[in-house]
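All the letters of the sequence shown, read from the start, carry residue numbers 2 to 208 under the numbering used here.
The beta-carbon is built from N, C-alpha and C at its ideal position, and this holds for glycine as well.
The block underneath contains the structure these notes are about, expressed in structure tokens.
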Amino acid sequence: MSMDAVVYKGAHEVAVEEVDELEIEHPNDVVIDITTTCICGSDLHMYEGRTAAEPGIIFGHENMGTVTEVGDAVSSLEEGDRVVVPFNVACGFCENCENGYTGFCTNVNPGFAGGAYGYVAMGPYKSGQAEKLRIPYADFNSLKLPEGDKHEDAFALLADIFPLSATACATSLSHEPLARFLTASNSKPNRSLTTERPLTRRQTSRT
Ligand SMILES: [Zn+2]
Ligand SMILES: [Zn+2]
């Protein structure tokens, strides 16, 4: 079986291609039909050739959809459930996850702390700019949503953008030099956002 996906071909080049359809690989997995996926500013780092991304990566780490297959060990989800999925992949039970640092999970990316969907150096996880997505450790990595298709665009923000922004605010308030900078530059919002980004990316992973 195959599905369509957005495949990275090289700097400034992506293509919609047929790839192997994702399926259950572990009893803790579910597979979803993607209903909404976002293009993130972080995708542009790969797209514009600023990373070591190899051709073949499927983009898309801000994903939501409907569960179509459920692994035997999954206890909280069933076929038809509507879920939104955090951009990062985490086990939920390693020491870092237990302490809230799910962005540094030690079980999802051998030799490295932290994994994510479709991102260079963040593990082997295929991504959501495709027809289907496999969610590992699905009980931990899926947020169940109300049935139906209302507020699709708003719920999609929960995958990355809203927690990123919320953590940016919390970080700004607790980081005195940064707070001073943001206060001084609050008439230049674009400059503030650009300056926040490298800090908040790391901090967001720790929420
Ligand atoms: Zn993103
Ligand atoms: Zn973990």
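Below 8 Å on the Cβ atoms is my contact criterion, and I expect residue i with residue j to pass it. Report the Cβ-Cβ distance as a whole number of Å.
i: residue 22; j: residue 133; result: 6 Å
i: residue 97; j: residue 74; result: Not confirmed; about 22 Å, so no contact.
i: residue 110; j: residue 124; result: 4 Å
i: residue 91; j: residue 103; result: 4 Å
i: residue 131; j: residue 4; result: 6 Å
Please go through the same chain and pick out, in chain order, the residues whose beta-carbon is closer than 7 Å to the beta-carbon of residue i, but skip the five residues on each side of it.
i: residue 41; result: 62, 63, 161
i: residue 136; result: 30, 31, 33, 86, 142, 143
i: residue 148; result: 83
For residue i, does the three-state DSSP call read helix, strand or coil?
i: residue 48; result: helix
i: residue 216; result: In the structure displayed, the chain extends from 2 to 208; residue 216 sits before or after that span and is not available.
i: residue 23; result: coil
i: residue 64; result: strand
i: residue 169; result: helix
i: residue 128; result: coil
i: residue 8; result: strand
i: residue 37; result: strand
i: residue 58; result: coil
i: residue 14; result: strand
i: residue 240; result: Examination of residue 240 is not possible in this model, given that the chain is present from 2 through 208 alone.
i: residue 3; result: strand
i: residue 174; result: helix
i: residue 117; result: strand
Residue i: which of the options sits nearest, CA to CA?
i: residue 122; options: 70, 52, 8; result: 52
i: residue 139; options: 165, 151, 71; result: 71
i: residue 56; options: 88, 18, 104, 32; result: 18
i: residue 151; options: 44, 66, 28, 8; result: 66
i: residue 38; options: 60, 48, 54; result: 60
i: residue 10; options: 153, 50, 24, 154; result: 50
i: residue 153; options: 12, 36, 15, 16; result: 36
i: residue 25; options: 126, 46, 158, 175; result: 126
Quick check on the burial criterion: 16 or more other C-beta atoms within 10 angstroms. Buried or exposed for residue i?
i: residue 88; result: buried
i: residue 69; result: exposed
i: residue 105; result: buried
i: residue 129; result: buried
i: residue 173; result: buried
i: residue 44; result: buried
i: residue 156; result: buried
i: residue 247; result: Residue 247 is absent from the structure shown; the chain starts at 2 and stops at 208.
i: residue 99; result: exposed
Spatial neighbours of residue i within its chain, please: C-beta separation below 6 Å, excluding the five flanking residues on both sides.
i: residue 27; result: none
i: residue 6; result: 20, 59, 131
Within the same chain, show all residues whose beta-carbon is closer than 8 Å to that of residue i, passing over the 5 residues directly before and after it, in chain order.
i: residue 80; result: 68, 69, 70, 71
i: residue 95; result: 106, 107, 108
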